[in-house]
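Data block below; observations after.
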Amino acid sequence: MAYNEALANRIREALCDFPNIEEMEMMGGLAFMLNDKMCVGVFRGDLMCRINPEIHEQAVEKTGCSTMVLGKRSMLGYVLVDEEGRRTKKDFDYWISVCLEFNPLAKSSKKKKKK
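In our numbering, the protein residues as written are 1105 to 1219.
What follows is the structure, encoded as C-alpha cells:
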C-alpha cells in the first residue's frame, strides 16, 4: 500500500506512549486506532485527522487543512493536513493533540463479524 512512511513514523513516535494503539491499513492509507477508534492516520500523503465536528469549520481555515472527501462525500469531522500545514513540530503536535482530545468523545466503529 502506498502511503508516506516518513509521516507514518512521525505519527508512531507521537503516539508511542499510548498503550492502546493499533495500526490498520484502510482507505488507501494507514489509520492509527486508539481505544478501537480511528484517531489519526496517513491518507494519500497527507495527515488524516479525526476531529470534533464542532470545530471542523475553524480547522479548515488553518494553513494546509482541508475537508477529507471520499468519492463525492465530504467527511465532517475528518480533515487532511498537507505538508505545509504540518511542517513544524508545533504544527504537527497541534494536529495530533486535536485528534487525541476528540478520541474519548468519538464513536467506536462497529466491528465486522468474522464468518
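The beta-carbon is built from N, C-alpha and C at its ideal position, and this holds for glycine as well.
Note that this is a predicted model, so its numbers are computed, not measured.
Could you check how far apart the C-beta atoms of residue i and residue j are, in whole angstroms? I think they sit under 8 Å.
i, j, result
"Leu1134", "Glu1127", "6 Å"
Quick one: using the 10 Å Cβ neighbour count with 16 as the cut-off for buried, is residue i buried or exposed?
i, result
"Asp1140", "exposed"
"Arg1177", "exposed"
"Met1130", "exposed"
"Gly1175", "exposed"
Residues in the same chain with beta-carbon distance under 8 Å from residue i, minus the five sequence neighbours each way, listed in chain order, please.
i, result
"Asp1197", "Ala1118"
"Met1179", "Thr1171, Met1172, Val1173"
"Thr1192", "none"
According to DSSP, simplified to helix, strand and coil, what is residue i?
i, result
"Glu1165", "coil"
"Ser1178", "strand"
By Cβ distance below 7 Å, which residues in the same chain neighbour residue i in space, the five residues on each side in sequence not counted?
i, result
"Met1152", "Gly1133, Val1144, Gly1145, Val1146, Met1172, Tyr1182, Leu1184"
"Ile1200", "Ala1118, Val1144"
Considering only residues of the segment 1109-1176, which uninterrupted alpha helix (DSSP H) runs meet the minimum length of 4 residues and lie entirely inside it, listed in chain order? 1109-1119, 1160-1163
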